[in-house]
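Asks:
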Amino acid sequence: MTTVTNEASNPFEMAAEIFLSQSSAIVRGGLALSLSVTIEPDQLQALVRRLWPDTALTEVELSELIDWPFVIAGQSGWSMLQPMARVLSTYFRDADQVLFTSAHELLASMEKSRTPSDELDDWFISGRTAYYLAGVDPTVSAGQFGEVFEHAPVVDRTSCRVWLAGLVDRQSHLLGDTSRTVSFFRGFRHYVSGNRRAAAREFTRVLAGEDADIYRAISLHLGALSIRSQMAENVVDMIRQSVELSEKLRLGVNEVMARQSLIWLLLRHGTPKTDLISLAEYNVERSKSLADRNLLGWTRRTYAVMQWLNLVGDTRDHVTEEARSEAPSLLGDLSEALALAEATDDPETVLFILNDRASIFCDLAELEDAEIELEAALDRAGGLGYASRVLASLGKTCGRAAILARSAGKNNLATQFRRLSSGFRRLEDRYVS
Amino acid sequence: MKRSPAHVLWWSRVDRQAVIEAVQALVREPKLLGLIGDDASGLAEAASLAQEELERLGRKCLRVSDLDVRLPTLKYRMLELLNELVPLRQPSAVPPTLLLASSALSNVRASLSNVLSSLSNPVSLIFDRLDSQECPRRNEVFELQELARVSNTPILFTGESRCEWHSLAHGASLVQLQSFDRADVRACMLSAPPLAAWNNARIDGVLDRIFGNSTRVSPLEVFTHLKVLTT
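Line by line, the protein sequences give chains B and V.
Okay, so the first sequence: first residue is 1 according to the numbering used here, each after it adds one.
Okay, so the second sequence: first residue is 434 according to the numbering used here, each after it adds one.
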């Protein structure tokens, strides 16, 4: 019996020992499968034939292989449970490094030769190619993973990037467990899970390197957003650096995202609104040039809000005639941004925009309209699914609206706003607990 | 070549009475049922047993795993189910994946609820490895529960123990898959044609080899040993 480790210490190592004592065709089929994201049975047969010309994986052996409890099948092909794939691929590499590399080259080549069914498919192919390149040239693979991350599809961008992060995690033993690439993707997963402290730790590791690359550009942005005190001096500086490096590297998506964060941060630091309006307007133009509907929704929202804040000031307690006459146009801009956020399935931005519209209606003392926006927000917030600061912002707007309603003698309306406020607080509790 | 979804290998028929009973309850009162375990707990095999029981009880089962979709999120899985169900009713329809790809999950769920509710032969659904990418968000599990409630459809999912299912899926039934003891495995061996004829001493010898000094063993280890014994 071939030995995987000196002493099988987990179920997968034990199962691998038994598996590796099977016929050579079955074992070779399993070794090839352990390297694949997913693979069709006929491709697996072809791969085994190319790697071991004296071995044919027959139909009988294929049906034998699929019956092993760690082999799984679906419409996209066959795969292997990850802990088992890790044990077998490590065994493969230790047994024959040259063939191990050839197998990855062949898998990368098979992936590149696929005809994509659409743009999304094309992106997935690039992701899987980067995955296989990790077994050939980790440096090239790391670069490609970064490229694929930057060009993630507009719709479901975060989910697609999390999928990519999963591929990096599976190849972390080849890319280097402590490499900047692996740290970056781990940081990203923590960031989207709301685990900001762990995210900051990983991004700090990325930034410890000297390379002025995509990983640095994005880590400067997301790392800054992961720092607990957003008013800390280095936060603005890090995001500025992220924008500059993204411009230099032509990372349009991160450039727009980082500038977006910068505008809101500078607002809190008291930067003149006219400067923020210029930045926001420029960001709208940049997202238009990228033809990115999701970013366009974000940037148009920010541009409209900055213009409004410039008209009403920080205290928002005096609405001039000029502001009153501009309001319909800015509310219309926000509606268009809302439509873009809805069309790209971005529920958080939808809620931010409804909150912006409600706040403007409060400024205008049009409280009935504010209630309509906040009701719509509560209705949709149930589908958000995670804790977001937008829920706290909506709660604050409800509180302010309730005070305004009471002052105006609209007690029934004030009660409605208090009900809405409780609704947002309940959701926050549900997501946080 | 694909493993048939209904294919349940003899060696995976180790006692899973808790799963069978949970499925029977699920058909009586359609809602959400989760089978929870780790990678070595035989989740896929337990789901296959559940599928067999669902179909025995007259509920055709539609099963969608992370390997059936481009992106393993709940939305893409629901779109895949819609693709599977809608052409049966309207052959000329545009695939829902195209129409609804940029829609919110709640809209996709509402469409799927409508389709499921209108089926003349009600079905059941299995979502394999619901957490294959990340633990699902609360709203995703909520939508899954809504799908079961609104369309009166039994829905089963499998997932790993690392996710906080009790917190994520309020009101759902959860079955934690246990490791096996000697009695479980002996019962399984005695029900398998190739091994049923063995005498007790020989069966004990195999059990000694599987269990070593342990009193319980992971399903993956048991399945691997038993598969080899009859290959």
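Think of the CB as a built atom: it goes at the ideal place given N, C-alpha and C, for glycine as much as any other residue.
Are any of the Cβ atoms in chain V nearer than 9 Å to that of V4 (chain B)?
Replies: On the first sequence, residue 4 (chain B) is found 4 positions in, with the first residue counted as 1. Low confidence applies here, because V4 (chain B) scores a pLDDT of 49, under 50, leaving its location unreliable; read the following figure in that light. For V4 (chain B), the answer is no, since every Cβ of chain V falls outside 9 Å of its Cβ.
Asks: Buried or exposed: where does Q97 (chain B) fall if 16 or more other Cβ atoms within 10 Å of its Cβ makes it buried?
Replies: Reading the first sequence from its first residue, position 97 is the one you call residue 97 (chain B). The residue in question, Q97 (chain B), is exposed, as its Cβ has fewer than 16 Cβ neighbours within 10 Å.
Asks: Going by DSSP, name the residue or residues bridged to A73 (chain B).
Replies: To locate residue 73 (chain B), count along the first sequence from 1; it is residue 73. For A73 (chain B), which the question treats as bridged, DSSP gives the partners B:W78.
Asks: Pick helix, strand or coil for K438 (chain B), following the three-state DSSP scheme.
Replies: Nothing about residue 438 (chain B) can be reported from this structure: the residues present for chain B run from 1 to 433 only.
Asks: Comparing the C-beta of L538 (chain V) with each C-beta of chain B, is any distance below 9 Å?
Replies: The residue labelled residue 538 (chain V) in the question sits at position 105 within the second sequence. So, interface residue.
Asks: Going by DSSP, what residue range makes up the alpha helix (DSSP H) through K273 (chain B)?
Replies: Reading the first sequence from its first residue, position 273 is the one you call residue 273 (chain B). That run of the alpha helix (DSSP H) goes 273–289.
Asks: Would you say G135 (chain B) reaches chain V, if we count a Cβ-Cβ gap shorter than 9 Å as a contact?
Replies: Numbered from 1 along the first sequence, position 135 holds the residue referred to as residue 135 (chain B). Output row for G135 (chain B): interface = no.
Asks: So I72 (chain B) contacts chain V; which residues on that side make the cut at Cβ distance below 8 Å?
Replies: Counting from 1 along the first sequence, the entry for residue 72 (chain B) is found at position 72. The contacting residues are A477, S498, L500.
Asks: Using Cβ-Cβ distances below 8 Å, what residues of the stretch 38–61 of chain B are close to chain V?
Replies: T38, P41, E59
Asks: Which value, in whole angstroms, describes the spacing of the CA atoms of A483 (chain V) and R619 (chain V)?
Replies: One-based indexing of the second sequence puts residue 483 (chain V) at position 50. One-based indexing of the second sequence puts residue 619 (chain V) at position 186. Roughly 21 Å between the two C-alpha positions.
Asks: Compare the Cα-Cα distances from S600 (chain V) to each of B:R240, B:F417, B:L81, B:Y386 and report the closest residue.
Replies: As a first step, residue 600 (chain V) is located in the second sequence; it is residue number 167 there, counting from the start. When only C-alpha atoms are compared, the closest one is B:Y386.
Asks: Just verifying my parser: in three-state terms, what is the DSSP assignment at V548 (chain V)?
Replies: Indexing the second sequence from 1 puts residue 548 (chain V) at position 115. Here V548 (chain V) sits in helix by DSSP.
Asks: Kindly list, in the order they appear in chain B, the residues whose Cβ is closer than 9 Å to that of K660 (chain V).
Replies: In the second sequence, counting from the first residue as 1, residue 660 (chain V) sits at position 227. Simply I18, D67, W68, P69.
Asks: Could you tell me how far apart the beta carbons of P505 (chain V) and Q566 (chain V) are, in whole angstroms, since I believe they sit closer than 8 Å?
Replies: Here residue 505 (chain V) refers to the residue found at position 72 of the second sequence. Here residue 566 (chain V) refers to the residue found at position 133 of the second sequence. With a Cβ gap of about 5 Å, P505 (chain V) and Q566 (chain V) count as contacting.
Asks: Take R259 (chain B) and list the residues in its own chain whose beta-carbon comes closer than 7 Å to its own, dropping the five residues that flank it on each side.
Replies: Locating residue 259 (chain B) in the first sequence gives position 259, counting from the first residue. Result list for R259 (chain B): V243, L279, N283, in chain order.
Asks: Alpha carbon to alpha carbon, what distance is there between F644 (chain V) and M80 (chain B)?
Replies: Against the first sequence, residue 80 (chain B) aligns to sequence position 80. Against the second sequence, residue 644 (chain V) aligns to sequence position 211. Straight-line Cα distance between these residues: approximately 25 Å.
Asks: So for L207 (chain B), helix, strand or coil by DSSP?
Replies: Counting from 1 along the first sequence, the entry for residue 207 (chain B) is found at position 207. It is helical.
Asks: Could you list which residues in chain B have their beta carbon closer than 8 Å to that of T663 (chain V), in chain order?
Replies: The count along the second sequence starts at 1 and reaches residue 663 (chain V) at position 230. Under the 8 Å cutoff, chain B gives no residues; its nearest Cβ is about 11 Å from T663 (chain V).
Asks: Return the residues of the stretch 337–360 of chain B that lie within a Cβ-Cβ distance of less than 8 Å from chain V, sorted by chain order.
Replies: E342, A343, T344, D345, P347
Asks: Going by the beta-carbon positions, is the gap between T320 (chain B) and V312 (chain B) smaller than 9 Å?
Replies: Your numbering for residue 320 (chain B) matches position 320 in the first sequence. Your numbering for residue 312 (chain B) matches position 312 in the first sequence. In contact: T320 (chain B) and V312 (chain B) (Cβ atoms closer than 9 Å).
Asks: By Cβ distance, which residues of its chain are closer than 6 Å to L296 (chain B), with the 5 residues on each side in sequence left out?
Replies: Here the question's residue 296 (chain B) lines up with position 296 in the first sequence. Cβ neighbours of L296 (chain B) beyond the five flanking positions: S287, L340.
Asks: Any beta carbon from chain V within less than 9 Å of S36 (chain B)'s own beta carbon?
Replies: The residue given as residue 36 (chain B) occupies position 36 in the first sequence. Not closer than 9 Å to any Cβ of chain V, the Cβ of S36 (chain B) fails to qualify, so no.
Asks: Short check: CB of D292 (chain B) to CB of L249 (chain B), under 9 Å?
Replies: Reading the first sequence from its first residue, position 292 is the one you call residue 292 (chain B). Reading the first sequence from its first residue, position 249 is the one you call residue 249 (chain B). Taking 9 Å as the Cβ cut-off, D292 (chain B) and L249 (chain B) do not qualify as a contacting pair.
Asks: When you measure from the CB of N572 (chain V) to every non-hydrogen atom of the ligand MG, does any distance come out below 8 Å?
Replies: Absence of the ligand MG is noted for the structure shown, with no ligands found whatsoever.
Asks: Which two residues bound the contiguous beta strand (DSSP E) that contains T158 (chain B)?
Replies: Along the first sequence, read from residue 1 onward, the residue named residue 158 (chain B) stands at position 158. That residue, T158 (chain B), is in no beta strand (DSSP E); its alpha helix (DSSP H) goes 157–170.
Asks: Where does the unbroken alpha helix (DSSP H) through R268 (chain B) begin, and where does it stop?
Replies: On the first sequence, residue 268 (chain B) is found 268 positions in, with the first residue counted as 1. Taken as a continuous stretch (DSSP letters only), the alpha helix (DSSP H) holding R268 (chain B) covers 252–268.
Asks: Here's the rule I'm using: 16 or more other beta-carbon atoms within 10 Å means buried, otherwise exposed. How should E486 (chain V) be labelled?
Replies: Here residue 486 (chain V) is taken as the residue at index 53 of the second sequence, counted from 1. Per the 10 Å Cβ criterion, buried.
Asks: Using a C-beta to C-beta distance shorter than 8 Å, which residues of chain B count as neighbours of S594 (chain V)?
Replies: Here residue 594 (chain V) corresponds to residue number 161 of the second sequence, with the count starting at 1. Residues of chain B passing the Cβ test: none, with the nearest at roughly 14 Å.
Asks: Within its chain, find whatever has a CB closer than 7 Å to the CB of P347 (chain B); leave out the 5 residues flanking it on each side and keep chain order.
Replies: Sequence index remark: in the first sequence, residue 347 (chain B) carries index 347 (1-based). Around P347 (chain B): R380, G383, L384.
Asks: At least one CB of chain B closer than 9 Å to the CB of M434 (chain V): is that the case?
Replies: To locate residue 434 (chain V), count along the second sequence from 1; it is residue 1. Legend: pLDDT at M434 (chain V) = 46, less than 50; position of this residue unreliable, value from coordinates given subsequently. Closer than 9 Å: yes.
Asks: Using alpha carbons as the reference points, say which of B:L413, B:R426, B:L62, B:A208 lies closest to S388 (chain B).
Replies: For this step, residue 388 (chain B) is matched to residue 388 along the first sequence. The candidate whose alpha carbon is nearest that of S388 (chain B) is B:R426.
Asks: So, for W163 (chain B): in the same chain, excluding its five sequence neighbours on each side, which residues have a beta-carbon less than 6 Å away from its beta-carbon?
Replies: For the purposes of this step, residue 163 (chain B) is taken as the residue at position 163 of the first sequence. Cβ within range, chain order: n/a, list empty.
Asks: Using a Cβ cut-off of 8 Å, which residues of the stretch 448–479 of chain V contact any Cβ in chain B, in chain order?
Replies: D472, A473, G475, A477, E478
Asks: Can you find a C-beta in chain B that's less than 9 Å from the C-beta of N572 (chain V)?
Replies: Working through the second sequence from its first residue, we reach residue 572 (chain V) at position 139. So yes, N572 (chain V) belongs to the interface.
Asks: Span of the beta strand (DSSP E) holding E593 (chain V)?
Replies: Within the second sequence, the letter at position 160 stands for residue 593 (chain V). Here the beta strand (DSSP E) through E593 (chain V) covers 588–593.
Asks: Between Q611 (chain V) and chain B, is any beta-carbon pair separated by less than 9 Å?
Replies: To locate residue 611 (chain V), count along the second sequence from 1; it is residue 178. Output row for Q611 (chain V): interface = no.
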